[in-house]
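Chains as they are written, first to last, in our numbering: chain A, 382 to 719; chain B, 2 to 268.
Ideal Cβ positions, reconstructed from N, Cα and C, are used throughout, including at glycine.
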């Protein structure tokens, strides 16, 4: 469905230090630098897959999504989405895809969302019966029946985001790019959006790429993740395998009936936290059973769970590893004579 | 995109555009008030022509000319350049580019959809002009009305396409707003908006005849007030539509090349 090979997107950026002097100098002489937003990434995505696109700020995630949706022309590389070359922005291609950006809106600000839905129906040439059916489904699943008649400007952020998603799906796109779709939403609204997105994917077999800084979004929606950092692909595989690779240790969470001295916990594993009757231990996977036995026999345990390390920690460790590797590579690189 | 898609979508786009124009009625009213310069010019030139006509224009002619200018401005205005500048800077042009219809159709339909609201202001002014100046304030024949209509559509097309061209320049430079301001200054001086171009010296007038500005404003006004015989009118309309074609080519070239450079900032 999606194939990306050797994608590069480089920008020429005008650089200027702050201050009046620099401003005046920039009138006659400008200094440019090249930003490598995406620097040679390749991947393939099968129809109906849900893929999380992860990376720190400025990693190149959104740039890649914009290239895939035809907004940006790649500097180099080959990109195809369902057989189309996105940069050509063919009508057939644009009717198959949608990019939802949490920080950009397509809803008409002073008119009710129903007007945007109607506009999209006309622009995407959706047959009336299909439009009615899709709209009824979206209204019911997203619970926006009371909202679509109010002017968009009077809706809360969460309400607006639900209507944005509905507007984006009126034409039933087969490929959905979601860029931070839950940004700024409260926990319950985030959960609603996740459930809805998953249902849409399962019902219509839509291919889905998601970027989000909320790891819960990724954990709930994406069996596969692609990690990019500084424009380079650093991981492509299952989320579980990523966690196993970066943080193979498990977390044993102990709820204790009474306060226990830290010295009694230390022999069981690395103490991650120990406060208010709860202790979290980090132990090797092959030592989990032994640790549980020792904890149950030696400590006043009322409850016990075994978990993976939080995804946020896994990701920050991965990014830190990548950064250290880059710094090492820079240090090892032979100096270029002046 | 196919013309079929455009033809199907356009009625809804116009209807939604009209709904937006109605929603922005306060803004629209303020904009209309900001276009009252012809009324100020009318009073000024009436004072100048108090004792003797200026060129071929007496006091009554100035009344007819500037009231027609006010009405024509309502019908031929476009503001796509400001919108494109803003959307390029904010990155919100992305949302338009994602749709399977050119953003230019959207800008055009939003512009045209506002005309009924502006007609509400323009029509009473035309009636007032007829009351003050008599029937010569408007075309006398069906053919005259037809030529006026062609001139108004041509004037709007040049103005809109110039807006697209100037707006598209923002895809090449940081902002093209200053270019738009320069264009507006030239428009005010050369279009007949501030004074009839007939009052300019012959050399300058000959130059202005080759520029697009007169065909944006002065020509439709002259058609409304019956300033030309048929053959002169047809010659001027031919020049106007040559500018429409030329401006279309310039606007399309800048837009197509500009969109390839779009950086989709933000988000």
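Measure how close the beta-carbons of residue i and residue j come, nearest whole angstrom, since I'm counting them as under 8 Å.
i	j	result
residue 96 (chain B)	residue 476 (chain A)	Not really, about 16 Å apart at Cβ, beyond 8 Å.
residue 55 (chain B)	residue 201 (chain B)	Actually they do not touch by this definition, with Cβ atoms about 12 Å apart.
residue 630 (chain A)	residue 675 (chain A)	Not confirmed; about 16 Å, so no contact.
residue 612 (chain A)	residue 420 (chain A)	4 Å
residue 383 (chain A)	residue 480 (chain A)	Not really, about 13 Å apart at Cβ, beyond 8 Å.
residue 1 (chain B)	residue 225 (chain B)	Since the displayed chain B opens at 2 and closes at 268, residue 1 (chain B) lies outside it and no answer follows.
residue 262 (chain B)	residue 172 (chain B)	5 Å
residue 459 (chain A)	residue 391 (chain A)	Not really, about 16 Å apart at Cβ, beyond 8 Å.
residue 582 (chain A)	residue 470 (chain A)	In fact, because the Cβ distance is near 25 Å, the residues do not count as touching under 8 Å.
residue 436 (chain A)	residue 610 (chain A)	5 Å
residue 241 (chain B)	residue 220 (chain B)	6 Å
Does chain B have any CB closer than 8 Å to the CB of residue i?
i	result
residue 499 (chain A)	yes
residue 542 (chain A)	no
residue 454 (chain A)	yes
residue 513 (chain A)	no
residue 574 (chain A)	no
residue 719 (chain A)	Its pLDDT being 49, under 50, residue 719 (chain A) is placed unreliably by the model, and the measurement read from it follows with that caveat. No, its Cβ sits nowhere closer than 8 Å to a Cβ of chain B.
residue 392 (chain A)	yes
residue 504 (chain A)	yes
residue 480 (chain A)	yes
residue 388 (chain A)	no
residue 535 (chain A)	no
residue 487 (chain A)	yes
residue 492 (chain A)	yes
residue 635 (chain A)	no
residue 580 (chain A)	no
residue 475 (chain A)	yes
residue 362 (chain A)	The structure shown has nothing for residue 362 (chain A), since chain A only spans 382 to 719.
residue 496 (chain A)	yes
residue 472 (chain A)	yes
Within the same chain, show all residues whose beta-carbon is closer than 8 Å to that of residue i, passing over the 5 residues directly before and after it, in chain order.
i	result
residue 686 (chain A)	633 and 634
residue 567 (chain A)	539
residue 719 (chain A)	Legend: pLDDT at residue 719 (chain A) = 49, less than 50; position of this residue unreliable, no value from coordinates given.
residue 48 (chain B)	none
residue 658 (chain A)	636, 637, 638, 639 and 640
Within its chain, find whatever has a CB closer than 7 Å to the CB of residue i; leave out the 5 residues flanking it on each side and keep chain order.
i	result
residue 256 (chain B)	105, 165 and 169
residue 627 (chain A)	695, 698 and 699
residue 116 (chain B)	76
residue 518 (chain A)	none
residue 175 (chain B)	none
residue 212 (chain B)	191
residue 428 (chain A)	382, 586 and 588
residue 655 (chain A)	643 and 646
Taking only beta-carbon atoms, is residue i less than 8 Å away from chain A?
i	result
residue 109 (chain B)	no
residue 1 (chain B)	Only positions 2 to 268 of chain B appear in the structure, and residue 1 (chain B) is not among them; the question remains open.
residue 54 (chain B)	no
residue 234 (chain B)	no
residue 171 (chain B)	no
residue 8 (chain B)	no
residue 3 (chain B)	yes
residue 13 (chain B)	yes
residue 69 (chain B)	no
residue 265 (chain B)	yes
residue 77 (chain B)	no
residue 226 (chain B)	no
residue 160 (chain B)	no
Please indicate yes or no: does the CB of residue i lie closer than 7 Å to some heavy atom of the ligand SAM?
i	result
residue 639 (chain A)	Because no ligand of any kind appears in the structure shown, any question about the ligand SAM cannot be addressed here.
Under 8 Å (Cβ pairs) to chain A, residues found in the stretch 80-91 of chain B: Of all residues in the stretch 80-91 of chain B, none has a Cβ within less than 8 Å of some Cβ in chain A.
Contacting positions in the stretch 16-43 of chain B - beta carbon closer than 8 Å to chain A: Per Cβ criterion, the list reads 17, 20, 21, 24 and 25.
Runs of alpha helix (DSSP H) wholly within the stretch 579-658 of chain A (minimum 4 residues, chain order): Fully enclosed alpha helix (DSSP H) runs of 4 or longer: 596-602, 620-627 and 643-646.
Unbroken stretches of the alpha helix (DSSP H), 4 residues or longer, contained in the stretch 47-102 of chain B: 60-77, 81-91 and 94-98, all fully within the stretch 47-102 of chain B.
Secondary structure, alpha helix (DSSP H): runs of 4+ residues fully inside the stretch 390-440 of chain A: Every unbroken stretch of the alpha helix (DSSP H) spanning 4 or more residues and falling wholly within the stretch 390-440 of chain A is given here in chain order: 401-409.
Near-chain A residues of the stretch 126-147 of chain B - C-beta to any C-beta below 9 Å: Correct list: empty, as no residue qualifies.
Interface residues of the stretch 246-263 of chain B facing chain A [CB-CB below 9 Å]: Those residues of the stretch 246-263 of chain B that come within reach of chain A (Cβ to Cβ, closer than 9 Å) are 260, 261, 262 and 263.
Whole runs of the alpha helix (DSSP H) within the stretch 498-536 of chain A, excluding any shorter than 4 residues: Qualifying alpha helix (DSSP H) stretches, in chain order: 509-523.
Interfacial residues, the stretch 516-533 of chain A to chain B, with Cβ spacing under 7 Å: Along the stretch 516-533 of chain A, there is no position whose C-beta sits under 7 Å from a C-beta of chain B.
Members of the stretch 431-463 of chain A near chain B, C-beta cut-off 9 Å: Answer in chain order: 443, 444, 447, 450, 451, 452, 453 and 454.
Those runs of the alpha helix (DSSP H) which lie wholly inside the stretch 665-711 of chain A and span at least 4 residues: Taken in chain order, the unbroken stretches of alpha helix (DSSP H) that lie wholly in the stretch 665-711 of chain A and span 4 residues or more are 669-679.
Those runs of the alpha helix (DSSP H) which lie wholly inside the stretch 450-478 of chain A and span at least 4 residues: Correct list: 472-475.
Contacting positions in the stretch 95-124 of chain B - beta carbon closer than 7 Å to chain A: Going along the stretch 95-124 of chain B in chain order, one finds 95, 96, 98, 99, 100, 101 and 102 with a Cβ nearer than 7 Å to chain A.
Every unbroken alpha helix (DSSP H) inside the stretch 146-224 of chain B [4 residues or more]: Listed in chain order, the alpha helix (DSSP H) runs fully inside the stretch 146-224 of chain B are 178-191, 203-211 and 214-217, counting runs of at least 4 residues.
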